[in-house]
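Novice: The structure's right below; bear with me while I get my questions together.
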Amino acid sequence: VEASIPEPQRAAWTKHEFSGFQNKEEFEREVVRHVETTLARSIYNCDESAAYSASSLAFRDRLVQGWNKTQQRQTFTDSKRIYYLSLEFLMGRALDNAMLNLGAKEVAKEGLAELGFRIEDIVGQEHDAALGNGGLGRLAACFLDSMATLNYPAWGYGLRYRYGIFKQEIIDGYQVEVPDYWLDFNPWEFPRHDVTVDIQFYGQVRKSQDENGKTVAIWEGGETVTAVAYDVPTPGYDTPSTNNLRLWSSKAASGEFDFQKFNSGDYESSVADQQRAETISAVLYPNDNLDRGKELRIKQQYFWVAASLYDIVRRFKKSKRSWNEFPDQVAIQLNDTHPTLAIVELQRILIDVEGLEWDEAWNIVTSTFGYTNHTVLPEALEKWPVGLIQHLLPRHLQIIYDINLFFLQSVEKRFPEDRDILRRVSIIEESQPKMVRMAYLAVVGSHKVNGVAELHSDLIQTTIFKDFVTIFGEDKFTNVTNGITPRRWLHQANPRLSELIASKTGGYEFLKDLTLLNKLELFVDDKTFRKEWAEIKFANKVRLAKYIKSTLNVNVNPAALFDVQVKRIHEYKRQQLNIFGVIHRYLTLKAMSPEERKKQQPRVSIFGGKAAPGYWMAKQIIHLINNVGGVVNQDPDIGDLLKVIFLEDYNVSKAEMIIPASDLSEHISTAGTEASGTSNMKFVLNGGLIIGTCDGANIEITREIGQENIFLFGTLSEDVEDLRHMHTYGEHPIDPNLAKVFDAIQGGMFGEPNDFNAMISAVRDHGDYYLVSDDFQSYIDTHKMVDTEYQNQEEWISKCIRSVARMGFFSSDRCINEYAEGIWNIEPLAV
Ligand code: GPW
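Rendered as structure tokens:
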């Protein structure tokens with residue numbers, strides 16, 4: 025229902041100037057007001073949690089003003105909008121980010137201090153918004169920050185999960201999952217109970233004639249679930265632009281709550297209907313880089329996509345433009361294949377609801393969508409059984425078959441002599457059971473397809489989408505190397521480093537133009553600058569050491585080399601290579617004389633990351649890391665020379681503390697498996713060096729910072745296939761140093777001798793798919809080089825500074841500008 029205030033009454037609205045707060049006093053007044061009214065508490069019972077709530081509400085009030093204005097501006101100018109569809113948004117904390125983006129952190133800090141609080145403690149009260157698994161979800165969050173900062177008219181669309189990614193506890197060395205119920209108090213979302221969409225599932229399709237005698241499809245019956253919008257304002261840095269992230273929550277459709285049942289005493293089954301509807305948005309699937317093909321997952325996908333498209337189409341129709349202008353007004357980006365049904369849904373709306381002809385509709389659809397691929401791992405490529413889609417979305421399956429038919433006909437016409445190509449590129453895999461290949465559907469239904477780093481984009485064009493490059497031509501395929509927002513990942517996570525950089529580069533401009541970091545090269549040899557640089561790194565390490573002491577009761581020496589690997593646990597990311605390397609180091613130290621040991625570089629090996637609850641091998645890796653820590657950390661021969669730490673429940677806010685404290689971080693995936701990686705960029709930007717394989721964005725980081733500033737090792741991606749072939753059909757003696765590590769484990773040095781047989785067998789007996797043995801020696805050798813180079817602190821610091829100076833390319837601002845120009849054809853909106 026549209027309602028707006030008529031002209032004569034508008035004066036009464038506009039005469040009230042509401043400005044939120046402009047200074048410390050006004051901030052304090054707003055905090056106190058929220059404590060005493062909104063929260064109904066007082067000076068006598070305002071704890072840190074209440075102070076967090078009130079501060080958030082004060083900032084929220086300010087955010088909302090910019091947000092409303094941004095939305096009004098977008099509506100009035102009727103400019104093209106970009107819609108970013110992602111099943112994950114790993115936002116982390118909002119208060120600190122809002123303070124910084126609004127440029128009011130100092131005001132808040134002083135105001136809170138006067139009210140008796142330390143800002144760190146207040147910020148630390150916030151529960152992470154953890155609606156994502158890892159890199160893919162965090163990328164979406166960085167993109168929202170950049171799109172707002174660059175003043176693009178952008179919306180994010182996602183699901184409002186009641187439970188985000190589980191909380192990880194480590195009990196006796198094992199991962200235990202605890203539900204993440206995060207919505208108890210969430211001041212950052214605005215329920216829009218008036219913005220709802222009814223979503224249909226199941227039912228049947230009937231053919232009918234319309235008034236002109238045209239055959240039309242009618243999808244009827246089945247069940248309906250209602251989507252309710254929840255809006256989250258996402259502010260840009262140093263701009264009034266505040267974009268909207270709209271998250272859908274499911275509830276029973278109003279007709280669905282069966283009062284008949286209710287009144288006749290069948291209360292339970294009426295509540296069960298209610299709960300079934302709410303189940304759709306109840307929980308985030310906790311898998312990273314894995315498709316498990318669960319029915320509820322595709323229900324989530326359709327529910328979210330259908331609600332979002334209804335919303336987008338509704339907004340477009342207000343402009344009363346003709347349909348062929350749709351792609352001039354709307355760009356939709358698919359974050360991986362999870363939202364691919366949007367292609368089918370838009371085609372359905374255009375032909376079944378709006379009455380367009382197939383070809384005209386399909387032109388609109390393909391001009392509207394862009395698809396980003398984030399993986400080549402076969403187990404992560406989504407496929408859905410035809411039968412399941414037939415049952416759940418019968419009309420969509422017909423449309424998928426028609427899309428495929430027209431596509432294959434065009435392919436057959438162009439390649440009549442290729443007997444096999446139709447089978448290879450068909451959207452329907454002719455297997456038992458038949459499957460819908462979502463990546464192929466996404467390629468066919470989009471005008472641009474991109475990978476997320478150069479190597480990855482090359483790989484998809486030569487492997488999984490090779491035939492499609494032949495069919496559609498090279499121009500359809502492109503690369504947009506990932507980026508990270510320097511606001512959160514430098515300014516917020518590492519305020520002291522940010523301040524030091526600002527003092528040398530001419531203020532905080534570099535946060536909006538990260539290439540300005542190159543000015544730091546002038547100061548590489550500046551003694552006081554270098555000293556401050558080193559002090560900041562040390563202080564960050566001290567902070568992490570305190571955290572380790574308080575959570576794990578292990579003393580680590582902040583002067584030791586901090587060697588960090590934090591990311592989802594996955595065999596392709598090879599935490600097993602890292603922990604085997606740590607064991608090798610331990611065995612080597614044990615074999616040394618006390619004199620020799622004294623010459624060794626002390627190290628702290630820090631791990632963190634969640635394993636998918638059903639990923640048994642990943643859980644074994646966590647268990648081994650914890651067991652190794654249990655032995656090494658107690659060993660009096662070893663002392664500070666080696667400590668092994670597993671940090672529980674790695675998430676965005678912990679990343680903000682861990683990353684600035686790293687000297688060296690590990691990005692050691694089997695070459696060709698990590699599409700990009702983004703934490704590699706975060707670590708280097710915070711003055712840490714990295715050890716890594718020639719994979720994903722590591723390659724471009726090397727190009728930018730120089731190969732003398734990175735520790736690369738291991739097999740190249742072009743050699744992986746041959747090596748795997750050798751493992752299966754030829755000789756492949758295991759690396760002798762790795763064999764000693766296995767002997768130590770199976771000799772019971774780190775717990776039950778047989779506990780880790782499967783991990784060892786995967787390498788020794790089952791083809792070593794991830795090339796752990798092949799890369800082991802070069803990994804060990806490269807770590808030796810690290811030790812040597814770390815001893816020369818002056819040279820090490822120079823490398824860190826030069827690296828940071830050359831990281832400008834990896835801002836998500838650069839990345840978003842590339843999408844805007846090359847894929848979305850969209851301009852920023854002047855403010
Ligand atoms: F399998 N990524 C992720 F491609 O975090 F869908 N989760 C996922 O499920 C997938 C990809 C998917 C990551 C990539 O592994 C990482 O290399 C990349 O940097 C990140 O997506 C953002 O592009």
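If you count the sequence shown from 1, you need to add 24 to reach our numbering.
A virtual CB, placed ideally from N, CA and C, is assigned to each residue, including glycine.
How would you call M809, buried or exposed, if buried means at least 16 neighbouring beta carbons within 10 angstroms?
Specialist: It is exposed - the Cβ of M809 has fewer than 16 other Cβ atoms within 10 Å.
Novice: Quick one, which of T575, K591, R592, L568 has its alpha-carbon nearest P582's?
Specialist: Checking every option, the nearest Cα to that of P582 belongs to L568.
Novice: Tell me the DSSP secondary structure of M462 in three-state form.
Specialist: Looking at M462 - three-state DSSP - the assignment turns out to be helix.
Novice: So, helix, strand or coil for L314, using DSSP?
Specialist: Looking at L314 - three-state DSSP - the assignment turns out to be coil, as it is neither helix nor strand.
Novice: Going by C-alpha to C-alpha distance, which of L136, L163, A118, W179 sits closest to F51?
Specialist: Measuring from the Cα of F51, the nearest candidate turns out to be L136.
Novice: Among the candidates Y753, V131, S73, whose CA atom is the shortest distance from the CA of E49?
Specialist: When each option's Cα is compared against that of E49, the closest is V131.
Novice: How is Y187 classed by DSSP in three states: helix, strand or coil?
Specialist: Three-state result, Y187: strand.
Novice: Looking at A153: is its Cβ nearer than 8 Å to the Cβ of W206?
Specialist: Yes. Within cutoff.
Novice: To the nearest whole angstrom, what separates the beta carbons of L365 and Y334, a pair I think is in contact under 8 Å?
Specialist: L365 to Y334, Cβ: 13 Å. No contact.
Novice: Sorry if obvious, but does the Cβ on V476 come closer than 7 Å to a heavy atom of the ligand GPW?
Specialist: Yes, since a heavy atom of the ligand GPW falls inside the 7 Å radius drawn around the Cβ of V476.
Novice: Return the residue from the list S274, E134, L665 that minimises the CA-CA distance to Q298.
Specialist: Q298 has its Cα closest to that of S274, out of S274, E134, L665.
Novice: Any chance the stretch 376-385 sits against the stretch 133-151, with 3 or more Cβ pairs inside 8 Å?
Specialist: These segments do not touch.
Novice: Whose C-beta lies closer than 6 Å to the C-beta of A463 among residues of the same chain, with five residues either side of it excluded?
Specialist: These residues qualify, in order along the chain: T361, L405.
Novice: CB of N675 to nearest heavy atom of the ligand GPW: below 7 Å?
Specialist: Not under cutoff, so the answer is no.
Novice: By how many angstroms is the C-alpha of A82 removed from the C-alpha of A695?
Specialist: Rounded to whole angstroms, A695 to A82 spans 48 Å at the Cα level.
Novice: Give every residue of the same chain whose Cβ lies closer than 6 Å to the Cβ of D213, excluding the five residues on either side of it in the sequence, and list them in chain order.
Specialist: Position check: residue 213 holds Glu in this sequence, whereas Asp was assumed. Only Y254, V256 meet the Cβ criterion.
Novice: Comparing C-alpha positions only, which one of H756, R748, D779, L380 sits nearest to F766?
Specialist: With distances taken between Cα atoms, F766 lies closest to D779.
Novice: Below 7 Å CB to CB, which residues in the same chain sit around R184 once its five sequence neighbours on both sides are set aside?
Specialist: If we look at R184 and ignore the five residues flanking it on each side, its Cβ neighbours are Y254, L271, W272, S273, S305.
Novice: Do three or more CB pairs link the stretch 170-181 to the stretch 835-845 at distances below 8 Å?
Specialist: Output reads yes: the stretch 835-845 touches the stretch 170-181.
Novice: Can you check which of these residues, A636, K634, F586, is closest to I683 by C-alpha distance?
Specialist: Nearest option by C-alpha distance: F586.
Novice: Looking at the secondary structure, which residues open and close the beta strand (DSSP E) in which G632 lies?
Specialist: Looking at the DSSP string, the run of the beta strand (DSSP E) that includes G632 is 627-632.
Novice: Going by DSSP, what residue range makes up the beta strand (DSSP E) through P760?
Specialist: Counting along the chain, P760 falls outside any beta strand (DSSP E), though it belongs to the alpha helix (DSSP H) covering 760-770.
Novice: Can the beta-carbon of L601 be found closer than 8 Å to that of Y803?
Specialist: Yes; because the gap between Cβ atoms is below 8 Å, this pair is in contact.
Novice: For Y639, count neighbouring C-beta atoms within 10 Å of its own C-beta (all shown protein chains included) and say buried if the count is 16 or more, exposed if not.
Specialist: Counting Cβ neighbours within 10 Å, Y639 comes out buried, since at least 16 surround it.
Novice: Residue range of the alpha helix (DSSP H) that F83 falls in?
Specialist: Start and end: 72-101.
Novice: Counting pairs of Cβ atoms below 8 Å between the stretch 691-711 and the stretch 819-831, do you hit three or more?
Specialist: They touch, by the three-pair rule.
Novice: Applying the criterion that 16 or more other CB atoms from any shown protein chain within 10 Å of the CB defines a buried residue, is R216 buried or exposed?
Specialist: The residue is exposed, with fewer than 16 neighbouring Cβ atoms inside 10 Å.
Novice: To test your reading of the DSSP string, which unbroken beta strand (DSSP E) runs of 3 or more residues are found completely within the stretch 488-512?
Specialist: Correct list: 501-503.
Novice: If you draw a straight line from the alpha carbon of L736 to that of Q96, how long is it in whole angstroms?
Specialist: Cα to Cα, L736 sits roughly 50 Å from Q96.
Novice: So does A700 have its beta carbon nearer than 7 Å to some heavy atom of the ligand GPW?
Specialist: Correcting the residue identity first, residue 700 is Ser in this sequence and not Ala. Yes, the Cβ of S700 comes within 7 Å of a heavy atom of the ligand GPW.
Novice: If I'm right that T303 touches L320 with Cβ under 8 Å, what's the distance once you round it to whole angstroms?
Specialist: That pair is a contact at about 7 Å.
Novice: According to DSSP, is S232 part of a helix, a strand, or is it coil?
Specialist: Here S232 sits in strand by DSSP.
Novice: Can we count D482 as close to the ligand GPW, meaning its CB is less than 7 Å from some heavy atom?
Specialist: False, no ligand heavy atom lies under 7 Å from that Cβ.
Novice: May I have the straight-line CA-CA distance separating V249 from F225, to the nearest angstrom?
Specialist: Cα-Cα distance, rounded: 8 Å.
Novice: G411 lies in the alpha helix (DSSP H); which residues open and close that run?
Specialist: Unbroken alpha helix (DSSP H) run through G411: 410-416.
Novice: With a Cβ-Cβ cutoff of 8 Å, do Y76 and I146 count as a contact?
Specialist: Yes; because the gap between Cβ atoms is below 8 Å, this pair is in contact.
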